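Enquirer: Got a structure for you, written out below as structure tokens; questions coming shortly.
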Amino acid sequence: MNAVSLGDTRPTIEDPMAFRNVLGHFPTGIVLITGIAADGEPVGMIVGSFTSVSLAPPLVGFLPTVNSQTFKRLRTAKSFCVNVLAGDQEDICRRFSGRAENKFDSVTWTPSPSGAPVLEGVVAFIDCTFESISDAGDHHIVVGAVRELQVCRPVAPLLFFQGGYGQFAPMSLHAPFETDLIAGVRLAEQGRVEMDWLAKSLDAECTAMAVVNDQMAVMVAGTGSSWDAEARLGERIPLMPPMGELCLAWEDQAAIQKWLDRALPNDECSPHEYRERLRAVRKRGWSVTMKSDYQDEEVFAALREYSSGHYTPAQERHIREVISRTSSSYAPITLLDGELYEVDSLLAPVWDSVGQVRLVLRITHLPSSVTAQQITAWADQLMLTATAISVAPAARG
Ligand SMILES: Cc1cc2nc3c(=O)[nH]c(=O)nc-3n(C[C@H](O)[C@H](O)[C@H](O)COP(=O)(O)O)c2cc1C
Numbered sequence: 001m002n003a004v005s006l007g008d009t010r011p012t013i014e015d016p017m018a019f020r021n022v023l024g025h026f027p028t029g030i031v032l033i034t035g036i037a038a039d040g041e042p043v044g045m046i047v048g049s050f051t052s053v054s055l056a057p058p059l060v061g062f063l064p065t066v067n068s069q070t071f072k073r074l075r076t077a078k079s080f081c082v083n084v085l086a087g088d089q090e091d092i093c094r095r096f097s098g099r100a101e102n103k104f105d106s107v108t109w110t111p112s113p114s115g116a117p118v119l120e121g122v123v124a125f126i127d128c129t130f131e132s133i134s135d136a137g138d139h140h141i142v143v144g145a146v147r148e149l150q151v152c153r154p155v156a157p158l159l160f161f162q163g164g165y166g167q168f169a170p171m172s173l174h175a176p177f178e179t180d181l182i183a184g185v186r187l188a189e190q191g192r193v194e195m196d197w198l199a200k201s202l203d204a205e206c207t208a209m210a211v212v213n214d215q216m217a218v219m220v221a222g223t224g225s226s227w228d229a230e231a232r233l234g235e236r237i238p239l240m241p242p243m244g245e246l247c248l249a250w251e252d253q254a255a256i257q258k259w260l261d262r263a264l265p266n267d268e269c270s271p272h273e274y275r276e277r278l279r280a281v282r283k284r285g286w287s288v289t290m291k292s293d294y295q296d297e298e299v300f301a302a303l304r305e306y307s308s309g310h311y312t313p314a315q316e317r318h319i320r321e322v323i324s325r326t327s328s329s330y331a332p333i334t335l336l337d338g339e340l341y342e343v344d345s346l347l348a349p350v351w352d353s354v355g356q357v358r359l360v361l362r363i364t365h366l367p368s369s370v371t372a373q374q375i376t377a378w379a380d381q382l383m384l385t386a387t388a389i390s391v392a393p394a395a396r397g
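For the sequence shown, this note's numbering begins at 1 and goes up steadily by one.
Here it is as structure tokens:
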């Protein structure tokens, strides 16, 4: 690895602004430390310096400034309770870090096991007794012994960074959306008439999904007479095995490996089998998924959660597990004459001017129990539509 250049003009540590500026580049979570002061009134202090300290024994800590009037009252309490603020609780943070009188008016709270306020809507609370208070420069170091704790609402927490508030966003949704997405939308719009026609002629649902970084997003939905495809607009699907075969089939080895690396270790399909599937898709030019006994509603719910973007890393792991379990629904490598198939969907690639799969056309809600010939006939129609929308010759690999 190359040595990092440290630069010539380094700020001096005597400069308090420089200290604040550099440390402002480090994000923190935000908690409200509450307690019932000796006078019987609730007290609450917003703190970004909260941290876990020890597991055995369970200790946590935070650093109030020695000048804090709020902490002077808080330390008269018998106990304190750490309220982990949620991403939608910026108003609570502003209220409690401001100068308002009676900060607990108009907030709803219930007593923690030790009696300290637990505010409605917080992610979690950690109820503590004071273990020690020591000094470090112009701050105290308060260590609390954890007595009780609970996750109340497992949502993304509120974060503080460079003087502003924000929320945690999983990397997978942090796609460089604009350019790729707009290119996909343009292409999808050009195909709207063809897609509507295809959907109506097959009485199926036809959607176009833009390929953006490591996910697909439904851009245009054409619909037959009986399906409300509009509801699918904006739906996102992560490119992780088994999903996204069609986007990967013509990609280079590095991209395929990246996709395979996203498979879960307990996926019932091996990397070798996935490579075989990609080869089959490349040969056919399109792909097909079958209905299977995996729980559809669970998969839909997982995809809805993924599409909302509002999920924590723990929830993302669950979404990926649910998706991973669908690997058995993908088509066998060869479709056999004389067999009947329950098709879930057929997919075809739409190419952009630089020869990349920019859109995936998908038809679903097709009749059940069909032969390989019927599937091929549908696929031919889908491919005609995809080719009509493609801006580059479809012939590849
Ligand atoms: C995001 C954020 C993080 C903060 N973190 C701390 C902290 O770690 N320690 C602290 O003493 N004050 C912190 N404060 C300031 C206090 O919340 C509060 O504004 C300050 O204690 C008010 O002074 P007072 O206690 O004298 O009324 C933070 C404020 C904000 C907005």
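For each residue, glycine too, the CB sits at the ideal point set by N, CA and C.
No experiment lies behind these values; they were computed from the predicted model shown.
Specify the secondary structure class of Q373 as computed by DSSP and reduced to three states.
Expert: helix
Enquirer: Could you check the C-alpha separation between M195 and T108 for me, to the nearest Å?
Expert: 51 Å
Enquirer: Does the distance from the CB of A210 to the CB of G184 come in under 8 Å?
Expert: Yes, these two residues count as a Cβ contact at 8 Å.
Enquirer: At the level of alpha carbons, what is the spacing between F300 and S307?
Expert: 10 Å
Enquirer: Starting from F80 and walking both ways along the beta strand (DSSP E), at which residues does that stretch end?
Expert: 79-84
Enquirer: What residue ranges within the region 188-267 form continuous beta strand (DSSP E) runs of no fewer than 3 residues, ordered along the chain?
Expert: 205-212, 215-223, 236-238
Enquirer: Nearer than 7 Å: is that true of the beta carbon of S270 relative to any heavy atom of ligand 1?
Expert: no
Enquirer: Measuring CA to CA, which of K283, G61, T34, A388 is closest to L246?
Expert: K283
Enquirer: Looking at the unbroken alpha helix (DSSP H) that takes in T147, where does it start and where does it end?
Expert: Note that residue 147 is Arg in the sequence shown here, rather than Thr. Not the alpha helix (DSSP H): R147 falls in the beta strand (DSSP E), residues 139-151.
Enquirer: Given that a residue counts as buried once 16 or more other Cβ atoms are within 10 Å of its Cβ, and exposed if not, what is D15?
Expert: Note on D15: under 16 other CB atoms within 10 angstroms of its CB, so exposed under the neighbour-count rule.
Enquirer: If I33 and V53 are in contact, beta carbons under 8 Å, what's the gap, nearest whole angstrom?
Expert: Not really, about 14 Å apart at Cβ, beyond 8 Å.
Enquirer: Please report the straight-line C-alpha distance between S353 and A388, rounded to a whole angstrom.
Expert: Straight-line Cα distance between these residues: approximately 13 Å.
Enquirer: With three or more beta-carbon pairs closer than 8 Å as the criterion, would you say the region 161-168 touches the region 85-99?
Expert: yes
Enquirer: Spatial neighbours of A348 within its chain, please: C-beta separation below 6 Å, excluding the five flanking residues on both sides.
Expert: Listed in chain order, the non-local C-beta contacts of A348 below 6 Å within the same chain comprise W286, L361, L382, M383, A386, local neighbours out to five positions each way being set aside.
Enquirer: With D344 as the anchor, note down where its beta strand (DSSP E) starts and where it stops.
Expert: 343-351
Enquirer: Compute the distance between the beta-carbons of I363 and L335, then report whether it is under 8 Å.
Expert: no
Enquirer: Using the beta-carbon count (16 or more within 10 Å), is L340 buried or exposed?
Expert: exposed
Enquirer: What do you reckon, is the C-beta of M216 under 7 Å from a heavy atom of ligand 1?
Expert: no
Enquirer: Hey, would you say the C-beta of G121 is under 7 Å away from at least one heavy atom of ligand 1?
Expert: no
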